[in-house]
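Under the working numbering, the first residue of the sequence shown carries the number 63, and numbering increases by one thereafter.
Everything below concerns the one structure shown next.
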Amino acid sequence: MKDNQSPICDIFPIKVLRKMNISQLREVLKIISSIDVEKFGEYIDELIKIYESLELELYKEAISSLFPNEIVSKESLFDVIRNSWSMRNTDEEVEQMRVLINELLNVPMEELKNWHKLIRNNQVSEVNYYTYHGTKGLEFDNVLILMEKRFGRDPNYFIKFFQQYQQRQNLAGEEKKKYERVRNLLYVSCSRAIKNLRILFLDDISPYREVFQEIFGEIRQFDN
Numbered sequence: 063m064k065d066n067q068s069p070i071c072d073i074f075p076i077k078v079l080r081k082m083n084i085s086q087l088r089e090v091l092k093i094i095s096s097i098d099v100e101k102f103g104e105y106i107d108e109l110i111k112i113y114e115s116l117e118l119e120l121y122k123e124a125i126s127s128l129f130p131n132e133i134v135s136k137e138s139l140f141d142v143i144r145n146s147w148s149m150r151n152t153d154e155e156v157e158q159m160r161v162l163i164n165e166l167l168n169v170p171m172e173e174l175k176n177w178h179k180l181i182r183n184n185q186v187s188e189v190n191y192y193t194y195h196g197t198k199g200l201e202f203d204n205v206l207i208l209m210e211k212r213f214g215r216d217p218n219y220f221i222k223f224f225q226q227y228q229q230r231q232n233l234a235g236e237e238k239k240k241y242e243r244v245r246n247l248l249y250v251s252c253s254r255a256i257k258n259l260r261i262l263f264l265d266d267i268s269p270y271r272e273v274f275q276e277i278f279g280e281i282r283q284f285d286n
């Protein structure tokens with residue numbers, strides 16, 4: 063996957079860079095950026111094949127540093143997902159992991175490149191995408207915010223804020239702190255618009271319609 067804007071230390075660890083001269087570094091970068099496939103899983107397969115075909119140990123070490131624990135296999139990537147999941151490993155969670163891994167392997171490379179530009183704030187098109195936190199300090203004429211109940215690992219991050227909105231004065235302790243964190247995040251994202259702000263909520267908000275209307279104004283419903 064090619065990205066000429068990435069600092070080299072974001073790609074390889076310092077311990078690898080110290081062993082390589084400029085010519086060797088260029089050669090390794092040429093190798094990993096020359097892979098031309100459609101999906102992420104295909105990219106990993108090709109990278110593993112290249113690793114296995116290399117004779118120079120220094121090049122193999124550079125490529126292995128791109129994998130978790132320097133283990134050059136798809137399984138090492140899967141372990142990262144498994145280890146970040148709940149340790150209960152119920153049948154439902156195992157199935158969720160299987161689906162997630164399958165989706166990850168089928169992500170188009172072009173989408174991954176766009177995601178990388180997003181998290182590095184390296185976008186030059188007329189329509190730019192940002193994370194909620196990534197918009198801090200920025201301003202735009204027009205802003206569209208995509209929102210749903212889930213945020214990060216919390217399945218009810220935003221919706222709980224709207225549930226508690228009318229009783230916010232009664233909150234205390236950790237509940238109050240969490241409410242304020244969500245409120246501050248909403249403020250950061252919603253205050254970026256100079257002229258027009260639109261929020262597209264992807265889940266059903268009918269139980270909290272009055273709260274949404276009080277905060278954001280007119281609501282328009284889109285049917286699937």
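Glycine is no exception: its CB is placed at the ideal position from the N, C-alpha and C atoms.
Being a predicted model, the structure only gives us computed values, none of them experimental.
- Task: Could you give the DSSP three-state label for Lys81: helix, strand or coil?
- Result: For the purposes of this step, residue 81 is taken as the residue at position 19 of the sequence shown. The answer is coil: DSSP assigns Lys81 none of H, G, I, E or B.
- Task: Using three-state DSSP, classify Asn145 as helix, strand or coil.
- Result: Numbered from its first residue, the sequence shown carries residue 145 at position 83. DSSP places Asn145 in helix when its eight states are reduced to three.
- Can you give me the start and stop residues for the alpha helix (DSSP H) that Leu248 sits inside? For the purposes of this step, residue 248 is identified with residue 186 of the sequence shown, where counting begins at 1. Element bounds for Leu248: 235-252.
- Message: For Ser135 and Leu174, I'd like the C-alpha separation in whole angstroms.
- Response: Mapped onto the sequence shown, residue 135 falls at position 73. Mapped onto the sequence shown, residue 174 falls at position 112. Distance between the alpha carbons of Ser135 and Leu174: 19 Å.
- Item | Arg243, buried or exposed, once every other Cβ within 10 Å from all chains shown has been counted against 16 | Locating residue 243 in the sequence shown gives position 181, counting from the first residue. Arg243 is exposed by the Cβ-count criterion.
- Task: Please name the residue in Asp265, Gln229, Ile110 whose C-alpha comes closest to that of Tyr219.
- Result: Along the sequence shown, one-based indexing puts residue 219 at 157. The shortest Cα separation from Tyr219 among Asp265, Gln229, Ile110 belongs to Asp265.
- Message: Suppose the cutoff is 8 Å on Cβ atoms and the five residues either side in sequence are ignored; what does the same chain contact list for Met63 look like?
- Response: Here residue 63 is taken as the residue at index 1 of the sequence shown, counted from 1. Caution applies to Met63, whose pLDDT of 49 falls short of 50 and renders its modelled position unreliable; the model cannot decide the point.
- Query: Thinking C-alpha only, which one of Cys252, Asn246, Lys240 is nearest Glu201?
  - Reply: If you number the sequence shown from 1, residue 201 lands on position 139. For Glu201, the nearest C-alpha among the options comes from Cys252.
- Helix, strand or coil: how does DSSP classify Pro170 here? Here residue 170 refers to the residue found at position 108 when the sequence shown is read from its first residue. Here Pro170 sits in strand by DSSP.
- Task: Pick helix, strand or coil for Ile93, following the three-state DSSP scheme.
- Result: For the purposes of this step, residue 93 is taken as residue 31 along the sequence shown, with counting starting at 1. Here DSSP, grouped into helix, strand and coil, assigns Ile93 to helix.
- Task: Assign Glu123 to one of two classes, buried (16 or more other C-beta atoms within 10 Å of its C-beta) or exposed (fewer than that).
- Result: On the sequence shown, position 61 is the one that residue 123 refers to. Classification of Glu123: buried, given that the 10 Å Cβ count is 16 or more.
- Message: According to DSSP, simplified to helix, strand and coil, what is Phe284?
- Response: For the purposes of this step, residue 284 is taken as the residue at position 222 of the sequence shown. If DSSP states are grouped into helix, strand and coil, Phe284 belongs with coil.
- Query: Using DSSP with H/G/I as helix, E/B as strand and the rest coil, what is Lys101?
  - Reply: Your numbering for residue 101 matches position 39 in the sequence shown. Under the three-state reduction of DSSP, Lys101 is assigned to strand.
- Message: Taking a contact to mean a Cβ-Cβ separation below 8 Å, would you say Lys101 touches Leu167 in this structure?
- Response: Translated into positions along the sequence shown, residue 101 becomes position 39. Translated into positions along the sequence shown, residue 167 becomes position 105. Against a cut-off of 8 Å, the Cβ pair of Leu167 and Lys101 comes out as a contact.
- Query: With a CB to CB cut of under 8 Å and the five nearest residues on each side skipped, what residues in its chain are close to Asn66?
  - Reply: Here residue 66 refers to the residue found at position 4 of the sequence shown. Residue placement at Asn66 is flagged as unreliable, the pLDDT there being 49, under the threshold of 50; the coordinate-derived value follows with that caveat. Cβ neighbours of Asn66 beyond the five flanking positions: none.
- What does DSSP give as the partner residues of Leu262 in its beta bridges? Locating residue 262 in the sequence shown gives position 200, where the first residue counts as 1. Within the DSSP bridge table, the entry for Leu262 names Leu208 as partners.
- Secondary structure of Gln275, DSSP reduced to three states: For this step, residue 275 is matched to residue 213 along the sequence shown. Three-state result, Gln275: helix.
- Message: Can you look up Lys257 in the DSSP assignment and give me helix, strand or coil?
- Response: Working through the sequence shown from its first residue, we reach residue 257 at position 195. The answer is strand: DSSP assigns Lys257 an E or B state.
- Query: Is DSSP giving Lys64 helix, strand or coil here?
  - Reply: Along the sequence shown, read from residue 1 onward, the residue named residue 64 stands at position 2. Residue confidence for Lys64 is low, a pLDDT of 46 falling below 50, so the modelled location carries little weight; the figure read from the coordinates is stated next. If DSSP states are grouped into helix, strand and coil, Lys64 belongs with coil.
- Query: Assuming Ile143 and Leu162 make a contact with CB atoms under 8 Å, what is their CB distance in whole Å?
  - Reply: Position 81 of the sequence shown holds residue 143. Position 100 of the sequence shown holds residue 162. The C-beta separation of Ile143 from Leu162 comes to about 6 Å, placing the pair in contact by the 8 Å criterion.
- Message: If distances are taken between C-alpha atoms only, which option among Val273, Leu247, Arg80 comes closest to Leu120?
- Response: Taking the first residue of the sequence shown as position 1, residue 120 is located at position 58. Nearest C-alpha to Leu120 among Val273, Leu247, Arg80: Arg80.
- Those residues which DSSP pairs with Asp216 across a bridge: The residue labelled residue 216 in the question sits at position 154 within the sequence shown. Residue pairing from DSSP places Asp216 in a beta bridge opposite Phe213.
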